[in-house]
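Trainee: In the numbering used here, the protein residues as written are 15 to 258.
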Amino acid sequence: MLVDQINAISGCFDLAAQDAVYRAIFTRRDVRSHFLPDPIGDEVLVRLLLAAHHAPSVGFMQPWNFIVIRDRQRREHVRDLFFAARQQELPEIAEERRELYRKLKLEGICESPLNLVVTCDRSRSANSPLGRWHNPEMDLYSTVCAVQNFWLAARAEGVGVGWVSILDREALKQLLGIPDHVVPVAYLCVGHVSEFAQKPDLERHGWGSRLPLADLIMSEVFSGQGEDALKAVAADMGGFPAGR
15 MLVDQINAIS GCFDLAAQDA VYRAIFTRRD VRSHFLPDPI GDEVLVRLLL
65 AAHHAPSVGF MQPWNFIVIR DRQRREHVRD LFFAARQQEL PEIAEERREL
115 YRKLKLEGIC ESPLNLVVTC DRSRSANSPL GRWHNPEMDL YSTVCAVQNF
165 WLAARAEGVG VGWVSILDRE ALKQLLGIPD HVVPVAYLCV GHVSEFAQKP
215 DLERHGWGSR LPLADLIMSE VFSGQGEDAL KAVAADMGGF PAGR
């Protein structure tokens, strides 16, 4: 009872709600396959977009817009852009990793029932330098927060999301009629899926592995030593912090 009262006063979620938040974070995946043809209902999509729209934004600028793409032919054109960009990226991959790179599934543009482009309108806060005077890129960072909100809400709804970053930005802008002052931040493949992978695809296929959190913690200054107790807790906790 006392714990419940403290949680109510502090605004702290109860343990079940906390676990749900952490579960969404820890089981979120960049989905490239397993998409189902079932359409996403408008109410579900609006809930996801509302989550994105309530992301933190510096200076309350809310620089985002959301382009919903359902047309099959348009998505095929985007997929062509992906294939072209992937061929351009291939020579930049270390030679010993190119064969693995070729095998990786890196998009679900036409397999997913809809695509979503999250853009940043860089003119929206032109008359309000709050939070951007010294860091003018904060509107872009704020838009990324909207993408993350959308992604986590989608995971909670059982909706898969895949971020396609291998695209020529200017070619995409031309295809979608995006004006010069607007930046396409994220091209997302969105749809219900048959399953969520236990591990990220790139980890599962041996492209990389998750870095230990304890190795990334510094004290006071960059590369500062210390915080041994904190690092020990991080090392012991490992993954999903359930059963607190």
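The beta-carbon is built from N, C-alpha and C at its ideal position, and this holds for glycine as well.
Leaving out five residues before and five after A249 in sequence, what residues of the same chain have Cβ atoms less than 6 Å from its Cβ?
Mentor: Result list for A249: A228, in chain order.
Trainee: In the structure shown, what three-state DSSP assignment does A38 receive?
Mentor: A38: helix per DSSP, three-state reduction.
Trainee: Does the distance from the C-beta atom of M251 to that of R146 stay below 9 Å?
Mentor: Cβ distance not < 9 Å, so M251 and R146 don't count as in contact.
Trainee: Distance, Cα to Cα, L16 vs C26?
Mentor: Any reading at L16 needs caution, since the residue's pLDDT is 44, under 50, leaving its predicted position unreliable; the model's value is listed next. Those two C-alpha atoms are separated by around 13 Å.
Trainee: Would you check if there are 3 or more beta carbon pairs closer than 8 Å linking the stretch 33-44 to the stretch 158-177?
Mentor: Output reads yes: the stretch 158-177 touches the stretch 33-44.
Trainee: Quick check on the burial criterion: 16 or more other C-beta atoms within 10 angstroms. Buried or exposed for G238?
Mentor: The residue is exposed, with fewer than 16 neighbouring Cβ atoms inside 10 Å.
Trainee: Quick check: the Cα distance between W181 and D215, rounded to an integer number of angstroms?
Mentor: In the sequence as presented, Trp is not what sits at residue 181; that position holds Leu. Their backbone Cα atoms lie some 20 Å apart in a straight line.
Trainee: Grab me the residues of S139's own chain with a C-beta within less than 8 Å of its C-beta, minus the 5 sequence neighbours each way, in chain order.
Mentor: G73, M75, P77, R146, D153, listed in sequence order.
Trainee: Alpha carbon to alpha carbon, how far is E90 from V35?
Mentor: Roughly 35 Å separates the two Cα atoms.
Trainee: Give me, in chain order, the residues of the same chain whose beta-carbon lies closer than 7 Å to that of A211; leave out the 5 immediate sequence neighbours on both sides.
Mentor: Within the same chain, A211 has close Cβ partners R43, R218.
Trainee: So what's L33 in DSSP terms, helix, strand or just coil?
Mentor: At residue 33 the sequence reads Asp, which differs from the Leu that was named. Looking at D33 - three-state DSSP - the assignment turns out to be helix.
Trainee: In terms of residues, what are the limits of the alpha helix (DSSP H) holding N141?
Mentor: N141 -> no alpha helix (DSSP H), and no H or E assigned at all.
Trainee: Starting from the C-beta of V196, find all residues in its chain whose C-beta is less than 6 Å away, skip the five residues before and the five after it, and write them out in chain order.
Mentor: Taken in chain order, the residues that qualify are T133, D135.
Trainee: So, at 8 Å on beta carbons, what are the nonlocal neighbours of D52 in its own chain, with the 5 sequence-adjacent residues on each side left out?
Mentor: The answer, listed in chain order, is P127, G205, H206.
Trainee: Let's see if you can read the secondary structure: which residues bound the beta strand (DSSP E) around H206?
Mentor: Per DSSP, H206 belongs to the beta strand (DSSP E) from 196-206.
Trainee: Under three-state DSSP, which class holds V131?
Mentor: Residue state, collapsed to three classes: strand.
Trainee: Are there 16 or more other CB atoms within 10 angstroms of the CB of I107, so buried, or fewer, so exposed?
Mentor: I107 should be labelled exposed.
Trainee: What is the residue span of the alpha helix (DSSP H) that W165 lies within?
Mentor: Element bounds for W165: 152-170.
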